Amino acid sequence: MNDEEFLSILTRNKARAALDALAAIPASERRKHAKAVAKLYTDHVLFGFQHDKSKGKKPRDPDAVVVGLFATATLSEFKKLGYVPIPSSVPIEDVFNILALDWAQGLVDYEVENNPHAIGAVAPLWQNGLASRPESDAIILGYYGLWHERWGIDEEVLLSRDVWRFFEVEGSGEFSLANHDKFAKQGMTTWSARLINYAAEGRLDRQRLLDASLDALDRDFGQYRAGWYSRFHSALEPTEAEIAARAERYISLLSSSVPPTVSFALKYVQALEKVSALEPAHLLSNLEPVLQARAKGPALAALKLVEKAAKRDASISSEAAHAASLALVSEDPGVQGKALDLIEKLDQGAREDVRAVLSDYVDLVAPSVRTRIATMVGTTTQQVVAEDVLVPDAPAVPPILPVNSAQEAFALFLKVLEAPRDPFEVERAVDGISRFGVELRKDETVLSPLKKRARQVWKKPGDTEIRAVLALTGLALSEGTAMELLRREEDNGDYRRQTEDTRVQSLHLARNAEMTDRVLAGSSLPLLSLPSDSSGTVSASQLLARLAEYHRAGETPGIADLSLALMRLGGEDRSTLEDLPRTSEAERAVAYAMGQDVDVGPTPELWAAAWCARRPIAEDKRVVSLFEKPLPDCGIAAKMKLNVIRKESPGGDYFWVKIEVPITPELSEESNMRRSAPVQSGANRSYPLLDCGHSFADVAWASLVRPAAPDLFFRQAMLHQDVWQKLTDNHTRAYLEPFFRPGPDVGPLGAGVLAYYMAVEDKSVTSLAGEAAVSLLSEGRLATTLFAEAVKTFMLSGALPTTRWTKGFAAMAQAGASAHVREAIAFILDFPAEQCPRDMGGMLELFYELHVAAGTAPDRPETVACLKSIPGGGKVSKFSSKLLSLAKQAA
Amino acid sequence: MPAIDKTYRYARSSEYVTTAAADQLCLVSDSGAAPDRAERYLEARALFPDVTAKGLRAVSETVGARYYVPPSMLARILREADPVATVSPGAVRFEGFSACCSAYARMDLNEGALDVSYRRNGTTNVDFGPDLRAALANVGKDTELRLSIEEDAVGITRNNKKIVEKKVPLPLRWIKGFAEVQVVLSQMRPAFRLPRVAAQRFLRALPRGKNDQAQWLSLRNGAVHMAARQSESAIPLCGSHRLRVLEPMISRSEGLEVFVSDSTGASAWALDFGTQRFWLVLNAEPWRGFSGDGGTLSGMAKSGGDAVSALLAQLNWQDQIDVGSLTDATGLDRHAVEHALAELASRGLVGFDLSRNGYFHRVLPFDLAPLDTLNPRLKAAKKLVENGAVTLTASGAKVASEGAVHSVSQSDEGWQCTCPWFARNGRQRGPCKHVLAVELQLETQE
């Protein structure tokens, strides 16, 4: 029998008929066709959805092919597939019996361990005596994995044995009781409900269930999975007697490392305390973990328990005071205050040992509690740590030093090819190649590591576009081929080209292509666009010096390099510059950038770059006319406005923030430009800022395109941020890079970026934004009013929780900017009462604590008026009153 | 990934037994670890039981942790994990290494932590399951806790009890990292010390969930300031969730000491309990194992065999190895002794105690012989030399490797190479295979 004849049994028959036919063929004969059957299965069953007619006729019954697999393959061949298909129309036990297969146990062991979903599919093998059931934890995971809904449950086995292992086997990320019940579909019974029903029917021992669930909570299970056991225990609704019988268990769970388990145990301990069922000293010795809970509720509840215990047994007052002092570690001033209240209530504040303990906390409690605890300890208020005073650092502007040898240039280029996160290093590396490339090309052996590596990176650059650009640069240098040719060679029509024309990296690509073309022609010159210092700008004097070198070498500057250099041109005084040469277009453009009057044109992008470099900025119709229609920052200044909009789902259940930054002159094809706006756009070439890319390195490089006028970059920062996204290496942090460099004062859009970034979900972004704000405020580059205005715009939109800024402000205050934070909140507190965010309480509390710490009070009339008008109760009302009281005292 | 099949053989599972007189923590040692078939290592009473219990629990928790994989791996990891116990004249140490190879934990029970009634020097694996961990969570300061480490050979040979066998494929990088971390420790410097309450506040302020964000820590007004950007004197911390293991113990400690390795970015966190000390050593990133740091690769590449042999003869379970005494005893100079000690550390034969700023003797109970032969970088370097790929030049060397010729040259900071590995890692993770090959070649010529 050849393969074709054998396969026809599987393609023409239904599964049962195929099974009978295969049974008649000896096992050794069947085995010969294993490869052909495996191919048939792969082509027509596993990947049947992408059926290719050239691969033969489609089988009549896919199950027949699966049966064919069982008839021909070994278990190890099944394992190689990574998935064991089980026929659905023929019982698996029939397949093994009729084909006389002897590896049922192997299959069972493998499937149970590796695919708990499939346990039900192989269970008939042990139910029919063809294998024995494995007793590993994996068999229990099968219950957690929903398979029972499909395959049914052997209740006898479940109730006699397996159910008690539910309380011992925690499960995994996918398979757990918590997951099962959370994701149970409509009509499915949750395990919790099912076990409770069994107990109600008397088929399971209720007392044992209560104990077993507490045992499980004792077992160090992960928080999410442990939650099922505490919920199940509560769902059993233990009676007073049942709770009392397990008093010790609940007390012991107060030490659990899982906070929700602690809260769960606390609930029962509180119930026990109500009926005085607990020995006070014993209770006290077990309350430590709850007293130090991070959450306010459990800590306050624990303090109440301490108080009650001390009330019932006066002899333990000292221990109770020590226990209460543990709650001082809480960050919440309310908890700290209650702890001190209790110590005073117990009349233990004067004890030497208690005072010694309290003294550890003097510097760490909230300012509103600090004076009180200092008094209790006997420390004078002067000894309490004074408010931080932020001393502005003098902004240092270190120069960017070019590399000074071919070896250094080569090493640096290899380094940035691997890790291009620092844009200054990238620019130094490209400048190094520009100046030492000719020397490096003298010895091909030297360049061989670059040739090999650049080729690898160019083929697979990942999501970092700049690596593709650098790889292409390195490849051009090492292979001696122009970048454009290399690029065409690789352009196989794939829509995912390494560098899109709409991205800012296309400018980098064009600049490097000009540079490598020159180097390949044998000319070593510096890069015109290498930043002069850490501000990212190119100084006018350096640019002129570099241009002079080009002039001496008889080289024409590259348009992209010169345009980038002009866009980076620093804002220093250029009035002392003498008349510059105006022979070539490049020279005219430079002279124009330096403020001189010249004939404009014809290369649009060059003149737009030169226009951007002029100080002061003034509309120039000659530059505007170089473009088909007016474009922002192309002879006419871009104007932008920040719109923060709260969007809601139809039912109002969900809301989110929508950011719009409309720009004029209008960008009609902005959507096609992927939310980007061109800096300049010509008929043949465009230098877009600003799809800045999607990696940290790409965005960081984009931040150096116009360091002295970053608003277009900040616009992209606004549009690019995804407020809910949390990433290990969040690339949007690179949008904050300009704030950490010497640069111009921050305008409204920059302040908006800081305000927005402080309130996103990703803490790596919020903390960096907070640090940027602290640094800018301290340097005086960001006006507090501007910053406050930006935060207020977002806050009053109601599109993001106010608590995010509260946390950010608290972190800023801790970092030494408390005076600025106080001032900012004071400016924010200037809105109509009806616009007051509901979650304003935390910010008011912070405002209050900062004033107490500084010994000041709100004094701005608008702030005081706003505080008076703020509606609502709770924390908002409490701290409004406290602040008004401070203001009154100060007045 | 290369792995060594390690079979733990335990006479029974370790137990926590509560009796009217005392609680007994019976840690069962690996029967394969005692070459002379001695049954007992330790019999003692814990003088600060709650601290000891919490420390042991934390070691076990670290061993069971994998800081960068989804929890679906958890069950398998717990089955794999077993800490290592060392009994020496002045201390009992429990060590563990996380499954991801990025965190190392050690509990040192020094003089005054135990009332020892029996002690036998040695190192062994101890069975330490999740049930034991859960039991230890409830040990209070008034608990009478007795601690024993014994093999319980009775169960194996006389009583025919069921032997608990755990066959575990231990990844080579795990074993290598366990040893390598001692070398990293020896290169650390103190960064700062926090009093208890400030340390507690710092740990509470860390994000609750997984946090792979790079942070820089510095001390300001007695509290830790965490920043997202690097600043002068700040120490790096990435994967701060790994510090969570310290939180349950912090309230009993006297303070938290922090050490840092400037060359690798690794940090060590020590909770000081007076007579006991808990160490947590974190590599620079949670996804980076200590095994790849290659701090001793140059040493391994050279034939320091004589010095190592000379030192080995001097080791006798010392709690603190005195370099001065070793130089006297072996006739080697200080540098050679320190170098040989680092090599012994990478072979699992000594550990490093930062509080004493010195090595201590212990022998990791794993077969470490394959480390030399299986170390991928060293193996590749040897192959390059065998193939004649290294050509020494006036400025360094040229190494022909896989279609490229790498230039290896000396600078003030050390060797540098033109390979992508060096471009990515610099000198942070030891030498690349090309530099190693040059070192091997130079040694051959010498």
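Protein chains in written order, with the numbering used here: chain H, 1471 to 2361; chain F, 126 to 571.
Note that the Cβ used here is the ideal one computed from N, Cα and C, for glycine as well.
Since the structure is predicted, the reported quantities are computational estimates derived from the model, not experimental observations.
Listed by position along chain F, the residues whose Cβ is nearer than 9 angstroms to that of H:Leu1887 are Pro545, Ala548. Leaving aside the five residues that flank H:Leu1600 on each side, the residues in its chain whose CB is nearer than 7 angstroms to its CB run, in chain order, Glu1563, Phe1566, Ala1574. Beta-bridge analysis with DSSP links H:Asp1833 to no other residue. For H:Ala1601, DSSP records no beta bridge to any residue. Counting C-beta pairs closer than 8 angstroms gives fewer than three between the region 2301-2317 of chain H and the region 1822-1832 of chain H, which falls short of the contact rule. The Cβ neighbour count for H:Glu1822, taken over all protein chains shown within 10 Å, is under 16; the residue is labelled exposed.
Burial is judged here by how many other beta carbons sit within 10 angstroms of a residue's own beta carbon; F:Gln566 has at least 16 and is buried. Counting only the Cα atoms, H:Ser1918 lies some 16 angstroms from H:Leu1940.
Within the region 2036-2083 of chain H, the complete alpha helix (DSSP H) runs of at least 4 residues fall at 2055-2063, 2074-2083. Counted as a single uninterrupted DSSP element, the beta strand (DSSP E) harbouring F:Glu220 occupies residues 216-222. For H:Leu1810, the nearest beta carbon of chain F is not closer than 9 angstroms to its own beta carbon. Between F:Gly347 and chain H, the shortest Cβ-Cβ separation is below 9 angstroms. Considering only F:Asp447, F:Thr268, F:Thr143, the residue with the shortest C-alpha distance to F:Pro174 is F:Thr268. A Cβ-Cβ distance of about 6 angstroms is found for the pair H:Arg1689 and F:Pro255, placing them in contact under the 8 angstroms criterion. In this chain, the alpha helix (DSSP H) harbouring H:Thr2333 covers 2331-2339. Approximately 18 angstroms separates the beta-carbon atoms of H:Ala1591 and H:Gly1538; this is outside 8 angstroms, ruling out the contact.
Minimum Cα-Cα distance from H:Leu2032 among the listed residues H:Ala2010, H:Arg2044, H:Gly2041 corresponds to H:Ala2010.
The beta carbon of H:Gln2359 lies closer than 7 angstroms to those of Ala2327 in the same chain, with the five residues before and after it left out. At a Cβ-Cβ threshold of 9 angstroms, F:Gln553 and F:Ala409 count as neighbours. H:Phe2279 is positioned such that its CB atom lies closer than 9 angstroms to that of H:Leu2316. Closest in alpha carbon position to H:Val1873, among H:Arg1891, H:Glu1895, H:Leu1887, is H:Glu1895. Taking all protein chains in view, the Cβ of H:Lys1505 is surrounded by fewer than 16 other Cβ atoms within 10 Å, so the residue is classified as exposed.
Counting only Cβ-Cβ distances below 8 angstroms, H:Asp1901 has no contacts in chain F at all, with the closest Cβ about 18 angstroms away. Restricting attention to F:Val563, F:Leu469, F:Cys151, F:Glu164, the CA atom closest to the CA of F:Arg170 is found in F:Cys151. The C-beta distance from H:Phe2297 to H:Cys2336 rounds to 10 angstroms, too long to fall under 8 angstroms, and the pair is not in contact. In its chain, beyond the 5 residues on either side, Thr2134 have a beta carbon closer than 6 angstroms to the beta carbon of H:Lys2109. DSSP links H:Trp1698 through a beta bridge to no other residue. Beta-bridge pairing by DSSP links F:Pro315 to F:Phe384.
The residue from H:Thr2198, H:Glu1644, H:Ile1479 with its alpha-carbon nearest to that of H:Asp1533 is H:Ile1479.
Between the C-alpha atoms of F:Leu310 and H:Ser2165 there is a straight-line separation of about 35 angstroms. DSSP lists H:Asp2003 as the beta-bridge partner residues of H:Pro1869.
With respect to H:Pro1837, H:Leu2320 sits close: the two C-beta atoms are nearer than 9 angstroms. Of all alpha-carbon atoms in F:Glu468, F:Val475, F:Val433, the one lying nearest the alpha-carbon of F:Leu457 is that of F:Val433.
Listed by position along chain H, the residues whose Cβ is nearer than 9 angstroms to that of F:His531 are Ser1918, Pro1919.
Within the region 220-233 of chain F, no residue has a Cβ lying closer than 8 angstroms to any Cβ of chain H. Going by beta carbons, H:Leu1998 and H:Leu1977 fall outside the 9 angstroms limit.
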